[in-house]
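Heads up: the sequence shown at position 129 corresponds to 132 in the working numbering, and the numbers run straight through without jumps. Glycine residues also receive a C-beta, built at the ideal position from the N, C-alpha and C atoms.
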Amino acid sequence: MLLKGSCYCQAVRFEIETPWYYPLMYCYCQFCLKCNGGPVSCNVKGKKADLKITEGEDQLTIYRIRQCERAFCRLCGSSLYLTDDRWPQDCWPNAAAIDTELPVLEQQAHIYAKFKPSWYTIHTPGPQFDEYSEWWIEDFHREWGLAESDGKQR
Ligand SMILES: [Zn+2]
Ligand SMILES: [Zn+2]
């Protein structure tokens, strides 16, 4: 599915063609909490080679934390996507930056749930993990029968 995304002020626009477009992983880690300014974040996943910045590349700014890079708009601060040196082929667009309508799910996987702020209650059903889950985003797509397979066999 072709996903189109943008920051709040519309200075930066991007698109990515990806089979992993279900917004199924909710993250409560401190990085997501602080950087995105909310109690929960959701990323989709794609291949870095398929990510195209279609507008405002000069406004795109990178914040590096350990092996991860967070790309955001330097004008409005919107989080756009993450990359990780450990998986240099991949990228994780922020589902909230995607303008294309994403499919609705009956359940989500909740990761780093032990770091969730006490004032926030998880409302969506689905498995909860203290840290990262044993499955990747593409595993959930496959195991929950969503989208295309990436060809890997478990
Ligand atoms: Zn912006
Ligand atoms: Zn997180």
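Which class does residue i belong to by DSSP, given the choice of helix, strand or coil?
i, result
"D133", "coil"
"R157", "Only weak support exists for where R157 lies, its pLDDT of 40 falling under 50; the value from the coordinates is given anyway. R157 falls in the coil class under three-state DSSP."
"H144", "helix"
"A112", "strand"
"E20", "strand"
"C12", "coil"
"L36", "helix"
"E60", "helix"
Nearest to residue i by alpha carbon, out of the options?
i, options, result
"E202", "A112, G8, S81 and I101", "Missing from the structure shown is residue 202; the chain here goes from 4 to 157 and no further."
"P96", "K48, E72 and F75", "K48"
"L83", "T127, A150 and A98", "A98"
"G80", "L6, S44, C10 and F143", "C10"
"K119", "F143, L63 and Q33", "Q33"
"D88", "T103, Q70, E104 and T127", "Q70"
"C139", "I125, S121, T127 and I114", "According to the sequence as given, residue 139 is Trp; it is not Cys. Looking at the Cα atoms, I114 is the closest of the given residues."
"H144", "L6, L5 and L27", "L27"
"G41", "E146, G148, G129 and I125", "I125"
"S44", "E141, Y123, W147 and I65", "Y123"
"T127", "A74, D142, Q110 and E141", "Q110"
"L5", "Q13, F17 and Y66", "F17"
"L149", "C35, P22, Y29 and F132", "P22"
How many whole angstroms separate the CB atoms of residue i and residue j, which I take to be in contact at a CB cut-off of 8 angstroms?
i, j, result
"D53", "I101", "That belief does not hold up - the Cβ atoms of D53 and I101 are roughly 14 angstroms apart, past 8 angstroms."
"P3", "Y25", "Outside the modelled stretch of the chain, which goes from 4 to 157, sits residue 3, for which no answer is possible."
"V15", "E72", "With 8 angstroms as the limit, V15 and E72 do not qualify as a contact, their Cβ atoms being about 15 angstroms apart."
"C94", "L108", "At roughly 21 angstroms, the Cβ-Cβ gap does not stay under 8 angstroms, so C94 and L108 are not in contact."
"Q62", "L78", "6 angstroms"
Going by DSSP, what residues sit across from residue i in a beta bridge?
i, result
"N97", "N46"
"K7", "E18"
"C79", "Partner(s): none; C79 has no beta bridge."
"K55", "E18"
"I68", "C71"
"T86", "E72"
"Y123", "Answer is none; Y123 lacks a bridge partner."
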